[in-house]
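Inspection log for the structure reproduced underneath, given as structure tokens.
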Amino acid sequence: MISLGQDEIAKYPFLAEAGQYLNDKGFTLEQFATDPDLKIIVDKAYERIESAAEGKIYNPKADNSSDKDIILPLNVFSFLIAIVLLKLSGHNTLINRFSLAEARRAEKFLERDLVSDSNKTSEEFAIKIFRDIFSITIKKAGGYFVIPISDYLQHAVNFHELEWKLVNRHVENGMVFLSTHESARLIRKELGGYISSRIRAANTPSMSKGFEDKVHKLSELAKKFVVKTIVSTEYPPCIKHAIEVLNNGENLPHFGRFMLATFLLGRGQTIDEIAPLFKNAPDWNEKVTRYQIKQISGETGSNTKYSCPSCDKIESHDMCFATPDCDNIINPMQFGKKRL
Amino acid sequence: MLENDLKFLEETFKQYYFDHFDFIHIPDRSLEREYGYKKFNSGMVRHISLKTDKDLRLMLMTNVPSDVFCSNAYYSFPNLPMAEKDWKEADLIFDIDAKDLNLSCRKDHTCVKCLSCGEVSLLHDTCPKCKSNKLDLLSLTCDNCISGVKKEVLNLVKILTADLRIDDKNIRISFSGNEGFHLYVTNSPYNQLGSKERGDLIDYIMFRRVMPERFGFKKENPSRHTFPELDEAGWRGRVAKELFGSKSKRSKAITKIISDGKLAYQQILEEIGKNSIGIKIDPNVTVDIHRIFRLEGSLNSKSGLAKLACDNIEKFNPYAEACLIGDEPVEISANSPIEFRLKNRRFGPYTNEKISVPKYAAAYMLCKGIANLV
Ligand code: SF4
Ligand SMILES: [Zn+2]
Ligand SMILES: [Zn+2]
């Protein structure tokens with residue numbers, strides 16, 4: 001797809017064909033599991049996952065060796081081994097968190113590369129990522145980047161902030177003008193999705209003794225983040241989206257929380273089942289959350305039991321993600337019940 | 001609707017389709033579209049796919065629909081239930097209707113029909129005859145409303161061509177058959193957009209959810225030079241023209257805006273969005289990517305007028321050009337407290353009168369519910 005130089009591969013390691021890369025460098029996976037000299041890379045891989053799980057962007061302490069030829073491959077190796085460990089542990093939450101953190105790391109590079117006037121190759125490469133992976137034709141125009149409105153909309157609708165709305169953008173002649181930062185930001189979520197789908201698509205290697213310890217530690221780590229939720233397939237898209245937002249640790253606006261809670265209560269779930277869903281929210285506070293859900297359920301306060309808002313209402317809050325399966329229902333509670 | 005009236009309208013509509021089938025515009029890629037129709041006095045039939053023009057003609061002749069629709073979407077299997085149709089893309093569609101402009105002339109050409117006793121009267125809150133408050137609003141022809149809608153359509157076209165860079169050739173405008181206009185945009189990159197993305201486009205076109213920052217009022221100490229200039233592209237230019245009028249007045253206006261504060265500015269922006277510069281499209285139409293939309297060339301059962309394409313909207317006179325039913329005399333009993341004009345002829349007011357009018361006027365009044373056959 002994209003041909004990669006060493007620089008690029010270190011910045012965007014998720015673009016590499018893992019097996020191929022190890023091969024080219026003259027390594028096998030087996031060696032990483034057994035060779036004591038390579039243990040440091042396995043350690044780094046674990047650290048990389050750990051910092052991602054904690055919501056940090058992986059930024060290895062500047063190793064004293066300033067030799068690019070050594071550092072860059074090390075970074076790639078630690079990424080590739082991290083994936084091996086993640087696959088072996090099989091924890092989805094960790095994969096999600098890892099993908100998101102890696103996406104934010106890559107976003108930083110993208111942002112820098114888009115304006116690296118000194119280095120045309122980096123710039124072209126960044127533009128290529130937009131085009132080849134996300135089908136966005138992005139062009140430089142003065143101090144800005146311009147992208148076609150239709151491309152812009154397909155990505156910008158993932159944001160809830162007003163400033164991403166087309167009406168609040170510089171639009172001219174079918175194009176939207178973005179700063180470098182905004183251009184990179186525009187694809188963060190998809191970048192995360194792309195990375196996690198690459199990880200999910202990768203084969204799970206068989207367990208080696210040398211990885212066992214780390215994999216075990218990952219399972220311990222994952223326990224901290226496990227959210228027990230009952231996501232049944234009959235949830236409508238708006239509800240799935242809200243859960244996804246929460247799972248990604250993003251902020252779900254008040255209305256979204258209200259919608260989600262009323263929906264799940266309506267489906268007969270209990271406060272105990274619902275409250276943990278909000279665990280990943282940036283402003284999570286168990287007491288407050290439980291209190292709020294209780295209020296909605298009518299257990300406390302005014303004794304009014306709220307019901308799930310209508311599709312119209314949800315739509316007006318920009319939280320409807322209707323698919324054909326929603327056809328003509330007027331309330332998410334009807335989802336899956338009504339047939340044509 | 002009474003049995004006789006219904007028969008008359010069905011025959012009239014059938015005659016129209018027999019005589020004027022060539023007015024029907026069968027859209028491109030018709031095989032990938034879903035068709036649907038309504039009959040007088042009954043519900044919608046959807047999920048129809050038509051193989052040829054002949055099928056369409058047959059459908060019109062055998063079912064004698066009151067209204068005919070065709071999807072803006074393209075599907076692999078247009079005749080299957082929605083979930084199985086396999087949506088491919090959908091033309092961008094717009095509906096601008098006089099009722100959404102809410103012009104001041106509206107009260108002069110609107111009457112009410114009581115749903116309880118059937119009395120038709122001038123605009124009231126309750127029925128003067130039985131005091132019921134279940135009333136239907138009926139709006140009759142108005143040239144002022146039509147020119148208002150036309151202006152709105154032309155403004156929309158400007159935004160579509162300048163801001164969204166849609167090629168003129170891909171925009172098709174038609175009179176809706178009642179008191180609005182429809183716009184189709186085909187072959188554009190916007191065809192791929194889902195509802196959510198179209199929602200954002202709608203806010204753009206209607207100038208909604210605007211942030212004062214984007215229009216010059218930066219957070220803390222607002223600076224004069226961030227406010228829009230009259231010659232800027234897009235909304236900033238239009239806002240400048242609306243708020244400042246001319247270059248010479250700009251500076252003074254900005255001084256006032258800054259001293260009134262950001263919140264006030266936000267309110268002004270919202271206000272001009274709603275009442276002047278925002279385009280008054282019907283958002284429910286544009287957001288819908290599975291809609292079946294009135295077929296061009298078919299009759300509208302709200303009026304008996306045809307939905308008709310207009311190449312030159314400025315010159316187009318819908319009440320003459322889209323009035324395509326014959327003019328043989330028909331005896332009706334009419335009750336229309338206000339007058340209306342069709343084919344450049346004035347009709348009414350009528351107070352429960354037996355009259356003889358050309359067929360097109362009889363059909364119009366029957367469709368509006370303000371007359372019966374005698
Ligand atoms: S249409 Fe209703 S059920 Fe479907 S996504 Fe929107 S709100 Fe949810
Ligand atoms: Zn009455
Ligand atoms: Zn009027």
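As they're listed, the protein sequences go chains L and U.
Position one of the first sequence corresponds to residue 1 (the UniProt record's numbering), numbered consecutively onward.
Position one of the second sequence corresponds to residue 1 (the UniProt record's numbering), numbered consecutively onward.
Where is the CB? At the ideal position from N, CA and C, for every residue including glycine.
Note that the structure is a prediction, hence the values are computed from the model and not measured.
With respect to chain L, the C-beta atom of residue 241(U) has no partner C-beta closer than 8 Å. For residue 124(U), the shortest C-beta to heavy atom distance toward ligand 3 is 7 Å or greater. Around ligand 2, the residues whose beta-carbon falls short of 6 Å from at least one of its heavy atoms are 114(U), 116(U), 117(U), 119(U), 127(U), 129(U), 130(U) and 132(U), given in chain order.
Taking a Cβ-Cβ cut-off of 7 Å, residue 98(U) has no neighbours in chain L, whose nearest Cβ is about 24 Å from it. Interface annotation for the stretch 154-183 of chain L against chain U: 154, 156, 157, 162, 163, 165, 166, 167, 168, 169, 170, 171, 172, 173, 174 and 175, criterion Cβ-Cβ distance under 8 Å.
Per DSSP, reduced to three states, the secondary structure at residue 352(U) is strand. Listed by position along chain U, the residues whose Cβ is nearer than 7 Å to that of residue 150(L) are 189, 190, 192 and 193.
Neighbours of residue 322(L) across chain U, judged by C-beta separation under 7 Å: 195. Distance between residue 158(L) and residue 105(L), taken at the CA atoms: about 20 Å. The criterion of a C-beta distance shorter than 8 Å is satisfied by residue 127(U) and residue 119(U).
Contact between residue 173(U) and residue 286(U) does not hold, since the beta-carbon distance rounds to 15 Å and is not under 8 Å. Judged by their CB atoms, residue 324(U) and residue 20(U) are nearer to each other than the 8 Å cut-off. For residue 96(U), the three-state secondary structure derived from DSSP is strand. Closer than 7 Å at the C-beta level to chain L, one finds no residue of the stretch 37-50 of chain U. Here DSSP, grouped into helix, strand and coil, assigns residue 231(U) to coil. Around ligand 3, the residues whose beta-carbon falls short of 6 Å from at least one of its heavy atoms are 103(U), 105(U), 106(U), 109(U), 142(U), 144(U) and 145(U), given in chain order.
Bridge partners of residue 145(L) according to DSSP: 140(L) and 178(L). The Cβ atoms of residue 94(L) and residue 57(L) do not sit closer than 8 Å to each other. At least one beta carbon of chain L lies nearer than 8 Å to the beta carbon of residue 208(U). Taking a contact to require three or more Cβ pairs closer than 8 Å, the stretch 214-227 of chain L and the stretch 136-150 of chain L do not qualify as touching.
For the stretch 38-63 of chain L, no residue has a beta-carbon sitting nearer than 8 Å to a beta-carbon of chain U. Closest option to residue 88(U), judged by alpha-carbon separation, among 328(L), 324(L), 41(L) and 331(L): 324(L). Fewer than three Cβ pairs drawn from the stretch 180-188 of chain U and the stretch 207-227 of chain U lie within less than 8 Å of each other, which leaves the two stretches out of contact. The alpha carbon of residue 23(U) has as its nearest neighbour, out of 296(U), 329(U) and 274(U), the alpha carbon of 296(U).
Judged by DSSP secondary structure, residue 330(U) falls outside any alpha helix (DSSP H) and instead within the beta strand (DSSP E) spanning 329-336.
Comparing C-alpha distances from residue 149(L) to each of 135(L), 160(L) and 264(L) shows the shortest one belongs to 135(L). DSSP, read as helix, strand or coil, puts residue 322(U) in coil.
With a 10 Å radius around the Cβ and a threshold of 16 neighbouring Cβ atoms, residue 362(U) comes out buried.
Apart from the 5 residues on each side of it in sequence, residue 54(L) has no Cβ closer than 8 Å to any other Cβ in its chain. Listed along chain L is no residue with a C-beta nearer than 8 Å to that of residue 33(U); the closest approach is about 16 Å.
Between residue 10(L) and residue 72(L), the CB-CB gap stays under 8 Å. DSSP lists no bridge partner for residue 129(U). Within the same chain, 205 and 279 come within 7 Å of residue 159(U) by CB-CB distance, once the 5 residues on both sides are set aside. Contact check for residue 141(U) and residue 340(U): beta-carbon distance about 4 Å, within the 8 Å limit, so the pair qualifies. In the structure shown, residue 278(L) adopts helical secondary structure according to DSSP, grouped into three states.
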